[in-house]
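Structure first, commentary second.
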Amino acid sequence: MARAEHDADLIQFITELAREENIEEGFLTAVGALKNAKIGFYDQESLEYQEMEVNNPCEIVSCIGNISIKDGEPFVHAHAVLALEDGVAIGGHLLEGQVFASEIHLQEIEGPKIERKHDETTELSLWEFE
32 MARAEHDADL IQFITELARE ENIEEGFLTA VGALKNAKIG FYDQESLEYQ EMEVNNPCEI
92 VSCIGNISIK DGEPFVHAHA VLALEDGVAI GGHLLEGQVF ASEIHLQEIE GPKIERKHDE
152 TTELSLWEFE
């Protein structure tokens, strides 16, 4: 359990927390509010992320994800649903999020080693198990 500091980038904070705690495989959830965010939607035809800027304060309705190793470093893969002031929700791959206030639950998972490797079909870095 952790609390991300005000103005921290949520993804960078979780990445650093995983590094400090030596977590190579884990599950995460987060609640709270962001000052702004960047959400990605993976276009399955172009095989590229389309980025959407959220330049307004928003509530984290749901944020779940995982941690694995990519290129020897902890990699956070998180998806979020964010609610705007008018009740409109936006969701996708959480690329960035400037924290207003956030609480994080990070749980280490034990089992086979998981590492992200490039997948030629999707052009994504997907799990491979040792």
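Counting in our numbering, the sequence shown runs without a single skipped number right up to 161 at its last residue.
Backbone N, C-alpha and C fix where the C-beta goes; we use that ideal spot for every residue, glycine too.
In the three-state DSSP reduction, Thr46 falls in the helix class (H, G or I). The region 95 to 108 makes no contact with the region 73 to 84; the number of CB pairs closer than 8 Å stays below 3. A direct Cα-to-Cα measurement between Val92 and Leu65 gives close to 11 Å. In the DSSP annotation of this structure, the continuous segment of the beta strand (DSSP E) that includes Gly128 starts and ends at 120 to 139. Put simply, of Glu90, Ile70, Glu76, Glu51 the residue whose alpha carbon is nearest the alpha carbon of Glu134 is Glu90. With contacts defined by Cβ atoms closer than 8 Å, Ala114 and Cys94 do not form a contacting pair. In this structure, Ala49 keeps its C-beta atom at 8 Å or more from the C-beta atom of Leu125. Leaving aside the five residues that flank Glu52 on each side, the residues in its chain whose CB is nearer than 8 Å to its CB run, in chain order, Leu137, Glu139. With fewer than 16 neighbouring CB atoms inside 10 Å of its own CB, Pro143 falls in the exposed class.
Given a length threshold of 4 residues, the region 46 to 78 has no whole run of the alpha helix (DSSP H) inside it.
Cβ contact annotation for Thr46 (same chain, cutoff 6 Å, sequence separation greater than five): Pro105, Val107, in chain order.
Straight-line spacing of the CA atoms in Glu146 and Glu159 works out to 5 Å. A distance below 8 Å between beta-carbons, with the five flanking residues on each side excluded, links Phe131 to the following residues of its chain, in chain order: His37, Gly63, Ala64, Leu65, Lys66, Pro88.
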